[in-house]
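To convert, take the position in the sequence shown, counting from 1, and add 68; that gives my numbering. Here is the structure we will look at, set down as structure tokens.
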Amino acid sequence: MAGAPEWTKHENLAIYMFLEKYPHKSSEEIAEEIFNNSLLKNHFFIYRNNVNTIKQHVDLLRKPEHQGRLFVPDYKNLEEG
69 MAGAPEWTKH ENLAIYMFLE KYPHKSSEEI AEEIFNNSLL KNHFFIYRNN
119 VNTIKQHVDL LRKPEHQGRL FVPDYKNLEE G
């Protein structure tokens with residue numbers, strides 16, 4: 069049985085947006101918000117089957133050494149197309 073696919077740019081973007089908006093929240097709180105948000109869960113985090121999986125990735129994205137290696141579009145300057 070194959071594992072979950074690599075994390076997508078959309079998943080990473082959603083996590084970065086939560087981290088930017090709620091820097092005071094723990095990784096677990098952010099993971100729970102994402103997992104319990106039906107729009108995010110059903111359209112972007114489809115393959116993430118539990119809160120702990122998301123929490124571990126939030127922990128990873130909090131580390132400065134990982135932020136520069138991930139492709140995340142600049143959501144504040146996206147052009148309408």
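No residue lacks a Cβ here, since even glycine has one placed at the ideal position from N, Cα and C.
Taking only the alpha-carbon atoms, compute the straight-line gap between residue i and residue j and give it to the nearest angstrom.
i: residue 65; j: residue 88; result: Summary: the structure shown does not reach residue 65, with the chain confined to residues 69 through 149, and so no result is reported for it.
i: residue 96; j: residue 78; result: 19 angstroms
i: residue 116; j: residue 126; result: 12 angstroms
i: residue 108; j: residue 99; result: 11 angstroms
i: residue 130; j: residue 92; result: 12 angstroms
i: residue 118; j: residue 94; result: 16 angstroms
Could you spell out the range, first to last residue, of the alpha helix (DSSP H) harbouring residue i?
i: residue 98; result: 95-104
i: residue 82; result: 77-89
i: residue 125; result: 119-130
So residue i and residue j are in contact, right, with Cβ under 8 angstroms, and what is the actual spacing, rounded?
i: residue 113; j: residue 101; result: Rounded, the Cβ-Cβ distance is 11 angstroms, inconsistent with contact.
Using a Cβ-Cβ cut-off of 6 angstroms (strictly less than) and excluding sequence neighbours within five positions of residue i, which residues of its own chain qualify?
i: residue 121; result: none
In its own chain, which residues sit with a C-beta less than 7 angstroms from the C-beta of residue i, not counting the 5 before and 5 after it?
i: residue 73; result: 115
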